[in-house]
């Protein structure tokens, strides 16, 4: 592994360019791999797809207008029949319960007291119901329009809402791995110490019995929020949360151990102002370019007198756009902070602001009744 | 993007302004047009989506199911997508949506049958070495694919899209909906891990040296 180690020690090489987009000097080792593995490449022609049934859309054609009275009459008759059926005690026809399809991956997960037996066993988690795995069981949840959740052993979660806008679950304890393909901002997970909001992503969320939590994002980004305290966690980053404190400062997991330890102390330990200043100094000294993520969040979390230190450290890593001033950042002008965030290249913060406007009441965890 | 310094600078690719939104506007617009046309019954439009995304779907599946099953599953993925096209709300996310369908169908495949040689099992260095050095060319290639299969999920999928399907990093990002930064990190780290598995002995420099 001499070559690999040299790469790790010396940073990017010309072959990284070749690996990325085939630019630069070709790497014979990668070329060889391409040649060998190319035999598995997809080379099927476009198949003949079946006829696509068009979506039905209302068009205002006169012949359709002539049907309106007949349709109205039929609807009236149907309404009378339904009311009669309900009033005179008939049982309502079964309807599809909004929820997640649950399947057992291992062991015997339970919905309430009902076990899901066997690998082929499936069930449905409805609003208000609880899914629990013991130390030997795993489960998988899926909803076509939202995404998939894998549930690790020793986990308990509840489905709180499955409305047309907000899909909400509560993770009381344990670990889930989510892959969400629904629109950003619609899938929300409550934990005892913060609310996570999917912003188009895949992430893992762990909650300890104490209520402390940790989110790790592998794709896209996640919002973490409690009582106005918010953190944004892009792919490759993590963020801890603690009861009564809320989300800590997000960080990339390949940051130095000193950086991470100082950040944890800064976020969660009950320390003196001198100790906090010391921890901040370590974070600033250890920060690399990609730790602009952490520094941006720290702007709003440090004491006012220390803010300029964070600004000065962040500026060379990710210069703010022309419309963002030092004075504006030091007084925590929301618009300027947002503009600077967008320059970091993680994602557009307007997605989050839109979510906040739409779901202003959703930023607080729903407690267990 | 910084081209010097420590490995962190390489990983900092995700910090470039607009790194997440580097997919061309015309491509997104074409996707939206084709999706809309396909919803209206235009099979040719869906065929164009197939041409654009088939390699990505193939790679996503190849990272999860046995080689012999992949081609059929590719067709199944597109058939499922066709049936659910009306449920896709954000046409700009067609690629990410399609990738999710492919990953789910791979999961379904594993739920239906227990593979004899489960994917994701870490191959021992001895096993890799004996499989890559012992057999014929076909066997060595299959063993190489097996070695990639032993890498973590994210690295495995991205490396297969790059090395098997021949897609560049920017193409992978555009097709799967991943950020450039994530793809770059996955490629870089995945390649490092692959090199480690292929060359456990420091005296060896490349996989080709071991081949007959």
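Protein chains in written order, with my numbering: chain C, 74 to 442; chain R, -13 to 198.
Even for Gly, the Cβ is constructed at its ideal location relative to N, Cα and C.
Considering only C-alpha positions, which residue in the set the options is nearest to residue i?
i, options, result
"residue 179 of chain R", "R:139, R:73 and R:22", "R:139"
"residue 220 of chain C", "R:73, R:15 and R:44", "R:73"
"residue 271 of chain R", "R:125, R:160 and R:175", "Because chain R spans -13 through 198 in this model, residue 271 of chain R falls outside it and cannot be assessed."
"residue 43 of chain R", "R:131, R:176, R:181 and R:82", "R:82"
"residue 296 of chain C", "C:276, C:281, C:282 and C:285", "C:276"
"residue 32 of chain R", "R:63, R:167, R:68 and R:144", "R:68"
"residue 58 of chain R", "R:29, R:77 and R:95", "R:95"
"residue 259 of chain C", "C:280, C:91, C:89 and C:425", "C:425"
"residue 319 of chain C", "C:303, C:344 and C:333", "C:303"
"residue 70 of chain R", "R:25, R:56 and R:54", "R:25"
"residue 237 of chain C", "R:23, R:52, R:75 and R:28", "R:75"
"residue 271 of chain C", "C:366, C:292, C:265 and C:179", "C:292"
"residue 47 of chain R", "R:185, R:167 and R:87", "R:87"
"residue 123 of chain C", "R:27, R:144 and R:126", "R:27"
"residue 107 of chain C", "C:91, C:321, C:121 and C:419", "C:91"
"residue 66 of chain C", "R:165, R:172 and R:183", "There is simply no residue 66 of chain C to check, as chain C begins at 74 and stops at 442 in what is shown."
"residue 323 of chain C", "C:317, C:305, C:223 and C:316", "C:305"
"residue 230 of chain C", "C:301, C:96, C:201 and C:116", "C:201"
"residue 383 of chain C", "C:103, C:184 and C:366", "C:366"
"residue 396 of chain C", "C:263, C:408, C:390 and C:266", "C:408"
For residue i, report the span of its alpha helix (DSSP H) as first-last.
i, result
"residue 369 of chain C", "365 to 372"
"residue 161 of chain R", "155 to 162"
"residue 102 of chain C", "101 to 110"
"residue 174 of chain R", "166 to 184"
"residue 347 of chain C", "346 to 359"
"residue 149 of chain R", "Where residue 149 of chain R is concerned, there is no enclosing alpha helix (DSSP H), given that its DSSP letter is neither H nor E."
"residue 410 of chain C", "407 to 416"
"residue 401 of chain C", "399 to 403"
"residue 388 of chain C", "380 to 390"
"residue 254 of chain C", "Per DSSP, residue 254 of chain C belongs to no alpha helix (DSSP H) and is neither H nor E."
"residue 79 of chain R", "Note, residue 79 of chain R: premise wrong, no alpha helix (DSSP H); not H, not E."
Since residue i is in the beta strand (DSSP E), which residue starts that stretch and which ends it?
i, result
"residue 298 of chain C", "294 to 299"
"residue 221 of chain C", "220 to 224"
"residue 33 of chain R", "Run containing residue 33 of chain R: none in the beta strand (DSSP E); it sits in the alpha helix (DSSP H), 29 to 48."
"residue 306 of chain C", "302 to 307"
"residue 174 of chain C", "172 to 179"
"residue 212 of chain C", "211 to 216"
"residue 58 of chain C", "Here chain C covers residues 74 to 442 and nothing more, so residue 58 of chain C does not appear."
"residue 277 of chain C", "275 to 280"
"residue 269 of chain C", "267 to 271"
"residue 230 of chain C", "229 to 235"
"residue 204 of chain C", "203 to 205"
From the DSSP output, in three-state form, read off residue i for me.
i, result
"residue 335 of chain C", "helix"
"residue 248 of chain C", "strand"
"residue 118 of chain R", "Only weak support exists for where residue 118 of chain R lies, its pLDDT of 45 falling under 50; the value from the coordinates is given anyway. Residue 118 of chain R falls in the helix class under three-state DSSP."
"residue 285 of chain C", "coil"
"residue 146 of chain C", "helix"
"residue 198 of chain C", "strand"
"residue 317 of chain C", "coil"
"residue -12 of chain R", "Note that residue -12 of chain R scores a pLDDT of 30, beneath 50, so its modelled location is shaky and nothing firm can be said."
"residue 116 of chain C", "coil"
"residue 329 of chain C", "coil"
"residue 56 of chain R", "helix"
"residue 189 of chain C", "coil"
"residue 143 of chain R", "helix"
"residue 290 of chain C", "strand"
"residue 422 of chain C", "coil"
"residue 395 of chain C", "coil"
"residue 183 of chain C", "strand"
"residue 97 of chain R", "helix"
What distance in whole Å lies between the Cβ atoms of residue j and residue i, which are believed to be in contact at a cut-off of 8 Å?
i, j, result
"residue 326 of chain C", "residue 309 of chain C", "7 Å"
"residue 278 of chain C", "residue 288 of chain C", "5 Å"
"residue 119 of chain C", "residue 141 of chain R", "That pair is no contact at about 30 Å."
"residue 100 of chain C", "residue 156 of chain R", "Actually they do not touch by this definition, with Cβ atoms about 18 Å apart."
"residue 163 of chain R", "residue 49 of chain R", "16 Å between Cβ atoms; not a contact."
"residue 207 of chain C", "residue 177 of chain C", "Wrong, their Cβ atoms sit about 12 Å apart, outside the cutoff."
"residue 188 of chain C", "residue 204 of chain C", "About 11 Å separates the two Cβ atoms, so there is no contact after all."
"residue 410 of chain C", "residue 386 of chain C", "Rounded, the Cβ-Cβ distance is 16 Å, inconsistent with contact."
"residue 218 of chain R", "residue 18 of chain R", "The first residue shown for chain R is -13 and the last is 198, placing residue 218 of chain R beyond what the model contains."
"residue 363 of chain C", "residue 352 of chain C", "In fact, because the Cβ distance is near 20 Å, the residues do not count as touching under 8 Å."
"residue 41 of chain R", "residue 177 of chain R", "Not quite, the Cβ-Cβ distance comes to about 19 Å (not below 8 Å), so this is no contact."
For the ligand ZN, is there a heavy atom less than 7 Å away from the beta-carbon of residue i?
i, result
"residue 31 of chain R", "The ligand ZN is absent from the structure shown, which contains no ligands of any kind."
>> Closer than 8 Å is the cut-off here; do at least three beta carbon pairs connect the segment 171 to 178 of chain C with the segment 195 to 213 of chain C?
In response: When Cβ pairs closer than 8 Å are counted between the two stretches, the segment 171 to 178 of chain C is seen to touch the segment 195 to 213 of chain C, the count reaching three or more.
> With contact counted as at least three CB pairs below 8 Å, one residue from each stretch, are the segment 108 to 117 of chain C and the segment 146 to 162 of chain R in contact?
Replying inline: With the rule of 3 Cβ pairs closer than 8 Å, the segment 108 to 117 of chain C counts as touching the segment 146 to 162 of chain R.
> Quick check: the segment 404 to 422 of chain C against the segment 241 to 251 of chain C, are there 3 or more CB pairs under 8 Å?
Replying inline: Verdict: no, contact absent.
> Touch check for the segment 311 to 330 of chain C and the segment 368 to 384 of chain C: three-plus C-beta pairs under 8 Å?
Replying inline: Because the criterion of three Cβ pairs below 8 Å is met, the segment 311 to 330 of chain C and the segment 368 to 384 of chain C touch.
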